[in-house]
Structures are given as C-alpha cells and as structure tokens.
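2 protein chains.
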Amino acid sequence: MQNKNPKPIGIFDSGIGGLTVVKEIKRFLPGEDLVYFGDTARAPYGIKSSDTVKIYASEITSFLIKQNVKMIVVACNTVSSLALEYLRKKFSSIPIIGVVEPGVRAAINSNKNKRIGIIGTVATINSHTYENLLLKKDPSLKIFEKPCPLFVSLVEEGWESHKVAELVAEEYLSYLKKSKIDTLVLGCTHYPLLKPVISKVMGDSIKLVDSAEETAILIKEIILKNNLSEKKQRKGKITCWLSDRSLFFIKAAERLLDQNIRILQKRF
Amino acid sequence: MQNKNPKPIGIFDSGIGGLTVVKEIKRFLPGEDLVYFGDTARAPYGIKSSDTVKIYASEITSFLIKQNVKMIVVACNTVSSLALEYLRKKFSSIPIIGVVEPGVRAAINSNKNKRIGIIGTVATINSHTYENLLLKKDPSLKIFEKPCPLFVSLVEEGWESHKVAELVAEEYLSYLKKSKIDTLVLGCTHYPLLKPVISKVMGDSIKLVDSAEETAILIKEIILKNNLSEKKQRKGKITCWLSDRSLFFIKAAERLLDQNIRILQKRF
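These protein sequence lines are chains W and U, in that order.
FYI, in this note's numbering the residues of the first sequence are 1 to 268.
FYI, in this note's numbering the residues of the second sequence are 1001 to 1268.
Right under this line is the structure:
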C-alpha cells in the first residue's frame, strides 16, 4: 500500500497532561510518528490570562510547524478553550485539533438526562467554552461548571490515591453531586489520572467523559479522510521537546507510554 | 536631615509569595519606595530547573536595574537558593539580598538543641542551600529537610484554614515531628500564610522561622550602613510589575498590603 504521508503529528501541552492524549493516539494510530512539545518552563497554564496563553500557544505552534508536522493536536484544555480559534486563524495552512470539541461530542453522546457537569482549570471554566459549545449543539441542556485547581497539583505530587485527593474531590464535587448530572466532563488532561477517586466521590452511575480517547478517534477520522495516514507497519517514534528539562516529565512519560522517547530541549 | 538616596528598592518573586517580604519591609522602612516584579506569566519556579530559574531571575534583575533601583531583594527562596551567587557575579554593581541568608541567621539565633528542620519547594530542598549555609556556620548542627510542594497550591487556592491543609501538613511534617527539631525554617515565602496550621501540627514548642521579617531587618541594616536611606516622612509608594495580568495577585496584594498599589505589565 502507498505510503501516504510520513510526516509526524505535532502535539502540545503545558506539561505532562497531554501525555494522556499521546497514549490514546498511539492506541488508535500506532504507526504514526509523534512530535510532542511540553512547555515545562512556563507551566502550568490554567492560572494564566487568555493573552498569555495565546502568545505561548502561538510560539509552540510555529515551532511544531517548523518540525514539519502534518497536523497539530492541542492536547491541553486551557489552550483549547482560550486560544483554538486564534490559532486556527493564525495558522490556517494546517489542521489544528483541540480537546474541547471531542469532549463535547462525547458528552452529548453519553448524556441522557440533559444535565452535564464540567470540571477544569480556572482559565478553562472561566472561559465557558465547554458550556457555549454544548449549548450550541443542544440549547435545552443544563450545564454545571466547577474549577478544580488543586487536582493538577495532586497529580503532579503523585497523590492520585491519597486520602487528601478524596477529601479535595469531596469538597470540589459536592456542588456537582447536588446538580443531578448523569455525565461529568474531565476538562483537563491531568484529570483522567484521578478517575478512580472522582468516580468514588460522584458514584458509579455518573459517566466520566475523558476527551483523550475521543480526540484520538477524531484525529484518526481526519487522517483517513484527508489521506494523511502513514500506513507504516513499524511502531511510530515519539520525540519530546521540553522548554525546561524536567525529570518529573521524563518519569511520567516512561510510566504512561510503553516505549523509548527521544527528549530534546527548546527555550523560547 | 539630608535626603540620602531617593531611589526605590527593587524586589521580585515568581508570584505573590514575595508580598510577605514587602509587608515586612514596609513595617521596618515605611518611607522607602518599592518596585516589585511578580513573574506571574512563568510562575511557579519551585518545580523548574536551576538553569531556567537563573535565566528568569537574570531577566528580572536587569529589568529592575533599568527601573533605577538602589538595591535588589530576591524575595523568593527558590531563586535565593539556586541563583543568588550567579546574580551577584553577573550584577556586581548593585547590592543583592536573598531570603535564605537571613533565614539561616534567624534559625541559628532561635535554635537551642542543634536540630533544625527546613521546608520549601522541591527546587529549594534539592539544592541543599539552607543545609550547606547552616552547616558552614555550625558543623555540629543536624539538618532535616522536606519539600512540601502542595503548600503553595493550597495558599493559592485560599485553603490555608481548610481541613485539607491540616491533612497535607500532617503528611508532610510527620518526618520532621519525629526528628526532634526545636526550630523549623519556612523556606518558601508562601508558607508564612500557613503558620497556624503548621504550628498546630508541629506543636507550640517548635519555633517557626519566617525569613521575611529577618530579611527586612537585614535590608534596614544595609541601607543605614551604606547611607542608602530615603529618610522621607511620607509613606513610600509601591509599584508592581507583573509579567501576566493576574486578578488573583491584585486581590492578594490588596489583602496583604494596606495601601494603593500601581500595577503595570511587562512581558519578556
């Protein structure tokens, strides 16, 4: 079969969160080469202003385009919420996929009772991007939003199973428990790592939507539709660029992804 | 009396932590004008590498020198631990004061049983700067160190008095409780805001050393010794430069400092 497009897929996040998206892309598209950028020198993004997030995302997108990628995946809910339209206008020659639209699609598919919860960083929740996109698809929905800033710190401390994580989850999620939602969107790429504790607090009947899987499915659709597929038999390579050398990132990548990764550094 | 040196004092931190130092400087030197820089676009520093912290600190020091300051106060334990000597060599024309040396002086003065604990960010603790400086002053000391990364997130979430803060403190401090220290250095400018919970967990008999006050005393000594004093009768002005406009910073500054502050923005 013809080798359609051997260029890599570009992916970025402020730090390690986007690795949950990388994992799903490798599951659905194992032959594709990936170039990942983690902005560890300026992470986290979730407490920063929309202007600053746009500047950082724009620098990284330019850099990935120079790495000759065939598409860009914004594997960060904060950037997807605050800067996706801005990036698409500025870099119109390349497909740019965010994690919010796939998350919205998955939430609509899962939801039955018209009540959907969204959790994310302060910047993501304050942007109301999830709420606006959901209501555009179905104005009869009732949306309940809650920022959960400590969740990222808990994951970065490796305390996903600690009793502190449960206490924090109880505090943040009590409002959503009362709201009678049947679907909760994990609107931050760190949160899938907290699924067990979120599920314990919310109850098993609440469907947790993790946009990583849905994003990988969408990428596969776009790649097949546009003949961008690599069609290699071998396992695709992963190259990681970091703005700050971070042992924590390297350990998390080794834990999450079952393959060797080339790590390089690029400062802005 | 002659007006000796009307130039402002320059102070910087990655974000809001350094405001605890500003508060003490205003108490000891109320007439001095202050120019503060908070690197909110790249905060926090405590998880970043020494190389990256040096680059950021160097950019900010250059910027403050251009603001015509008479001295620089590094109101951040991470920068003071990782980059103070580097900054002093690079900017040798201006006095540069960190928070670690005053913290060490206060710890030695407070300690009786030769056992001292240090808590701080991962970067501060991994640098062992506190330990090295303490042992240089008194090689017979026993030093016990523990990084407490979630403390910063708890303060930034405003959860200083929340039961989560107590549970996190119990987890982090259990090692130090067993170590029979009589003095605990709060080696991060955010931590003084957690004094009540740290004191509750450690017990009233443990002296908590907050380097903010000791730093202000040292600055006053240097200013008097070098005839740098402003000697104004009026209340000194505070100008705050932020790399990212942050409502959270502005609210914290209003809460901590009892005066109007001019807020400006500077990106690197």
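No residue lacks a Cβ here, since even glycine has one placed at the ideal position from N, Cα and C.
Is there a Cβ from chain W that is less than 8 Å from the Cβ of residue i?
i	result
glutamate 1160 of chain U	no
leucine 1084 of chain U	no
alanine 1041 of chain U	yes
alanine 1049 of chain U	Per the sequence shown, residue 1049 of chain U should be read as serine rather than alanine. Judged by the 8 Å Cβ criterion, serine 1049 of chain U is in contact with chain W.
valine 1079 of chain U	no
arginine 1255 of chain U	no
glutamate 1157 of chain U	yes
valine 1164 of chain U	yes
valine 1168 of chain U	yes
serine 1127 of chain U	no
arginine 1245 of chain U	yes
methionine 1001 of chain U	Its pLDDT being 42, under 50, methionine 1001 of chain U is placed unreliably in this model, and the coordinates cannot settle the point.
threonine 1124 of chain U	no
By the three-class DSSP mapping on this structure, what secondary structure does residue i have?
i	result
isoleucine 219 of chain W	helix
phenylalanine 248 of chain W	helix
isoleucine 1206 of chain U	coil
aspartate 51 of chain W	helix
glycine 103 of chain W	helix
glutamate 145 of chain W	strand
leucine 1029 of chain U	coil
arginine 1255 of chain U	helix
leucine 1242 of chain U	strand
tyrosine 1045 of chain U	coil
valine 1201 of chain U	helix
valine 1164 of chain U	helix
leucine 135 of chain W	helix
threonine 78 of chain W	helix
threonine 1189 of chain U	coil
arginine 1262 of chain U	strand
arginine 1088 of chain U	helix
valine 1021 of chain U	helix
threonine 183 of chain W	strand
isoleucine 1094 of chain U	coil
Restricting to Cα atoms, I'd like to know which of the options is closest to residue i.
i	options	result
serine 205 of chain W	W/Glu59, W/Ser110, W/Ala253, W/Cys240	W/Ser110
serine 58 of chain W	W/Ile47, W/Ser92, W/Glu32, W/Glu214	W/Ser92
glycine 236 of chain W	W/Val164, W/Asp210, W/Leu29	W/Leu29
phenylalanine 1249 of chain U	U/Glu1024, U/Asn1226, U/Ile1060, U/Ala1043	U/Ala1043
leucine 1186 of chain U	U/Lys1200, U/Met1202, U/Ser1174, U/Val1209	U/Val1209
valine 1168 of chain U	W/His162, W/Val22, W/Glu171, W/Lys207	W/His162
valine 22 of chain W	W/Phe268, W/Val99, W/Glu85, W/Met202	W/Val99
Any heavy atom of the ligand ZN inside 7 Å of the beta-carbon of residue i?
i	result
tyrosine 1045 of chain U	Among the components of this structure there are no ligands whatsoever, and the ligand ZN is therefore not found.
Please decide whether residue i counts as near chain U, where near means a Cβ-Cβ distance under 8 Å.
i	result
leucine 150 of chain W	yes
valine 74 of chain W	no
valine 271 of chain W	With chain W represented from 1 up to 268, any question about residue 271 of chain W goes unanswered, as that position is not in the structure.
aspartate 138 of chain W	no
valine 93 of chain W	Per the sequence presented here, residue 93 of chain W reads as serine, with valine not at that position. So no, serine 93 of chain W is outside the interface.
threonine 61 of chain W	no
serine 153 of chain W	yes
glutamate 171 of chain W	yes
threonine 121 of chain W	no
threonine 52 of chain W	yes
Starting from the C-beta of residue i, find all residues in its chain whose C-beta is less than 6 Å away, skip the five residues before and the five after it, and write them out in chain order.
i	result
valine 104 of chain W	Leu133, Leu134
Under 7 Å between beta-carbons, which chain C residues line up against residue i? List them in chain order, please.
i	result
leucine 1194 of chain U	The structure shown contains no chain C; the protein chains it does contain are W and U.
Below 8 Å CB to CB, which residues in the same chain sit around residue i once its five sequence neighbours on both sides are set aside?
i	result
cysteine 1188 of chain U	Gly1017, Gly1046, Asn1077, Thr1078, Ile1119, Gly1120, Thr1121, Thr1124, Cys1148, Phe1151, Val1152
leucine 264 of chain W	Thr239, Cys240, Trp241, Leu242
glutamate 1024 of chain U	Ala1212, Glu1213, Thr1215, Ala1216
glutamate 1166 of chain U	Val1197, Lys1200, Val1201
What's the gap between the Cα of residue i and the Cα of residue j?
i	j	result
arginine 262 of chain W	lysine 178 of chain W	46 Å
arginine 1027 of chain U	isoleucine 1009 of chain U	14 Å
methionine 1001 of chain U	aspartate 1033 of chain U	Residue placement at methionine 1001 of chain U cannot be trusted, given a pLDDT of 42 that sits under 50; what the coordinates show is reported in the next sentence. Approximately 18 Å between the Cα atoms of the pair.
asparagine 1226 of chain U	lysine 1070 of chain U	11 Å
arginine 245 of chain W	leucine 218 of chain W	31 Å
alanine 1107 of chain U	asparagine 1113 of chain U	12 Å
valine 1101 of chain U	leucine 194 of chain W	Here residue 1101 of chain U turns out to be glutamate, not valine, going by the sequence shown. Straight-line Cα distance between these residues: approximately 40 Å.
Less than 7 Å between C-beta atoms, sequence neighbours within five positions excluded: which residues of the same chain meet that for residue i?
i	result
lysine 1251 of chain U	none
leucine 19 of chain W	Ala252, Ala253, Leu256, Leu257
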